[in-house]
Amino acid sequence: MILKFLRLLKILTVIVKYGLDEIAISGLHVPRTARLINTVFFWRRITSPRAIRLRLALEELGPIFVKFGQVLSTRPDLMPPDIVSELSLLQDRVPPFDSALAVAQITRSLGAPPEELFASFERTPVASASIAQVHFATLKNGKEVAVKVLRPGMKTTIDEDLALMQLAARLIEKVWPDSRRLKPREVVGEFDKYLHDELDLMREAANASQLRR
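Numbering-wise, the sequence shown is residues -12 to 200 according to the numbering used here.
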């Protein structure tokens, strides 16, 4: 509970830091509320365009929010052109995690170390993204494959951040009825499905690899 509260506090801090509250309020056409917020946060000096501020905020909030921004960049039906264009610049610029952790994760998931599962396994990852990193390997039948390994603790991070996103979407629709045209709950629901589908594909690939043994 304390960790969830701290995560929520972090999100709210980033929202205020980058003036995302101003973006939301201006989009809902409630100038009186906008003036009140500007009075409360009188010390802020916001000069960057809204799209850049949104991208920077998502990057600071971490991999799940970066993924969310990438998904939003494919929704010109919901997002204005400047935001779609800026969010398309979001990249999974995440350094790789220790290969020993990747080996331990593979061993735990498949019941044997990579040396027993594959004819060869590259411990240095070929790619590293927000949710997983990729290692090249060769099956015992000679087929070359890419092994995708979930980042340690990522499943918990995904579930916790999605829960906060769903809560925020419900609150936004309740407090600002005009926001319903942007379908916040529907968008978060689609993102939830997208992430869990990706995790399911990784599990299916792991199970298939285990069966080939």
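Beta carbons are placed, not taken as given, at the ideal position from N, Cα and C, and that holds for glycine.
None of the values given here were measured: they were computed from a predicted structure.
Taking Cβ to Cβ, would you say residue i is nearer than 7 Å to residue j?
{"i": "Pro174", "j": "Met152", "result": "The sequence as given places Val at residue 174; Pro does not occur at that position. Contact flag unset, no."}
{"i": "Arg42", "j": "Glu9", "result": "no"}
{"i": "Val132", "j": "Ala124", "result": "yes"}
{"i": "Ala89", "j": "Val136", "result": "yes"}
{"i": "Ala38", "j": "Ile70", "result": "yes"}
{"i": "Pro101", "j": "Pro83", "result": "no"}
{"i": "Pro122", "j": "Glu109", "result": "It should be pointed out that residue 122 corresponds to His in this sequence rather than to Pro. Cβ distance < 7 Å, so His122 and Glu109 count as in contact."}
{"i": "Ala99", "j": "Lys127", "result": "no"}
Got a sec? Which residues, its chain only, sit under 6 Å from residue i by beta carbon, not counting five neighbours each side?
{"i": "Phe52", "result": "Leu45"}
{"i": "Asp148", "result": "Ile51"}
{"i": "Glu47", "result": "Val1"}
{"i": "Ile93", "result": "Pro101"}
{"i": "Asp184", "result": "none"}
Along the beta strand (DSSP E) that carries residue i, what are the first and last residues, could you check?
{"i": "Glu131", "result": "Glu131 to Leu137"}
{"i": "Gln120", "result": "Ala119 to Thr125"}
For the alpha helix (DSSP H) containing residue i, list its first residue and its last residue.
{"i": "Gly56", "result": "Pro50 to Leu59"}
{"i": "Gln78", "result": "Neither: Gln78 is in no alpha helix (DSSP H) and is coded neither H nor E."}
{"i": "Arg157", "result": "Met141 to Val162"}
{"i": "Phe84", "result": "Where Phe84 is concerned, there is no enclosing alpha helix (DSSP H), given that its DSSP letter is neither H nor E."}
{"i": "Glu102", "result": "Pro101 to Leu104"}
{"i": "Leu65", "result": "That residue, Leu65, is in no alpha helix (DSSP H); it is neither H nor E in DSSP."}
{"i": "Val1", "result": "Ile(-11) to Lys4"}
Which word fits residue i, buried or exposed, when buried means at least 16 other C-beta atoms lie within 10 angstroms of its C-beta?
{"i": "Gly140", "result": "exposed"}
{"i": "Ala114", "result": "exposed"}
{"i": "Gln78", "result": "exposed"}
{"i": "Met(-12)", "result": "exposed"}
{"i": "Lys54", "result": "buried"}
{"i": "Arg199", "result": "Any reading at Arg199 needs caution, since the residue's pLDDT is 48, under 50, leaving its predicted position unreliable; the model's value is listed next. Under this definition Arg199 is an exposed residue."}
{"i": "Ala156", "result": "buried"}
{"i": "Gly6", "result": "buried"}
{"i": "Pro67", "result": "exposed"}
{"i": "Pro63", "result": "exposed"}
{"i": "Leu169", "result": "buried"}
{"i": "Arg95", "result": "exposed"}
{"i": "Leu154", "result": "exposed"}
{"i": "Gly56", "result": "buried"}
Enumerate in chain order the residues of its own chain whose CB-to-CB distance from residue i is below 7 Å, with the five nearest sequence positions on each side excluded.
{"i": "Leu(-5)", "result": "Leu151"}
{"i": "Asp179", "result": "Leu149"}
{"i": "Tyr181", "result": "Val58"}
Less than 8 Å between C-beta atoms, sequence neighbours within five positions excluded: which residues of the same chain meet that for residue i?
{"i": "Leu76", "result": "Arg42"}
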